[in-house]
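Enquirer: Below is a structure I'd like to ask you about.
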Amino acid sequence: MSDSTQAESGAASVTPGSVVMLSGDLMFSSRVKAAAERAGLGFRISGSLPENETESIRYVILDLSTRSGLIDEIASQCTQRCPQAILIAYGPHVHVDKLNRARAASIPTVMTNGQFDSQLSSLFDSN
12 MSDSTQAESG AASVTPGSVV MLSGDLMFSS RVKAAAERAG LGFRISGSLP
62 ENETESIRYV ILDLSTRSGL IDEIASQCTQ RCPQAILIAY GPHVHVDKLN
112 RARAASIPTV MTNGQFDSQL SSLFDSN
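Okay, so the sequence shown: first residue is 12 according to this note's numbering, each after it adds one.
So, in structure tokens, the structure goes:
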């Protein structure tokens, strides 16, 4: 495990300029990690938003396929813990209800898996 990556159970703090991905999909998260690291950002995959040391989080990415239970609370958690972070949710285009719930929950950017995947190579370019 690299210094810029923290496992879900890791106790170390989030690396400055970090991406926190809330997901249970280890395969796709490796692609997000690679994109984040290419942009000079740290990466952490987790099941929940960290409680503290969140001032360095630049992006919070919510996988609606595996962490849809966070939809209703993630926007307010980000506002409280890491207001500087860009919050993004993505999920399968066939999960219309989850995508709509995410939009209704004030998540600023909601994308389908295809949209997220196609933007991944440049998503962190403006970090």
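Even glycine gets a Cβ: it sits at the ideal position worked out from N, Cα and C. Keep in mind that this is a model prediction, so the values were computed, not measured.
Let me make sure I understand the geometry here. Which of L110, E66, I72, I82 has the alpha-carbon closest to that of Q91?
Expert: The count along the sequence shown starts at 1 and reaches residue 91 at position 80. Comparing Cα-Cα distances from Q91 to each of L110, E66, I72, I82, the minimum goes to E66.
Enquirer: Would you mind giving the Cβ-Cβ distance between A100 and L134, rounded to the nearest angstrom? I have them listed as a contact below 8 Å.
Expert: Within the sequence shown, residue 100 is the residue found at index 89, counting from 1. Within the sequence shown, residue 134 is the residue found at index 123, counting from 1. Not a contact, Cβ separation roughly 13 Å.
Enquirer: Do you know whose CA, among A96, N63, T77, lies nearest L110's CA?
Expert: Working through the sequence shown from its first residue, we reach residue 110 at position 99. Checking every option, the nearest Cα to that of L110 belongs to T77.
Enquirer: Below 8 Å on the Cβ atoms is my contact criterion, and I expect A96 with R69 to pass it. Report the Cβ-Cβ distance as a whole number of Å.
Expert: Position 85 of the sequence shown, counted from the first residue, corresponds to residue 96. Position 58 of the sequence shown, counted from the first residue, corresponds to residue 69. Indeed they touch by this definition, with Cβ atoms about 6 Å apart.
Enquirer: Looking at the secondary structure, which residues open and close the beta strand (DSSP E) in which S29 lies?
Expert: Here the question's residue 29 lines up with position 18 in the sequence shown. Run containing S29: 29-33, per the beta strand (DSSP E) assignment.
Enquirer: Measure the Cβ-Cβ separation of L98 and A86 and say whether it is below 9 Å.
Expert: Residue mapping note: residue 98 aligns to position 87 of the sequence shown, counting from 1. Residue mapping note: residue 86 aligns to position 75 of the sequence shown, counting from 1. Against a cut-off of 9 Å, the Cβ pair of A86 and L98 comes out as a contact.
Enquirer: Determine whether the beta carbon atoms of G102 and S79 lie at a separation below 9 Å.
Expert: Along the sequence shown, read from residue 1 onward, the residue named residue 102 stands at position 91. Along the sequence shown, read from residue 1 onward, the residue named residue 79 stands at position 68. Yes, Cβ-Cβ distance for G102 and S79 is below 9 Å.
Enquirer: Going by DSSP in three states, T123 sits in which element: helix, strand or coil?
Expert: In the sequence shown, residue 123 corresponds to position 112, counting from 1. Three-state result, T123: strand.
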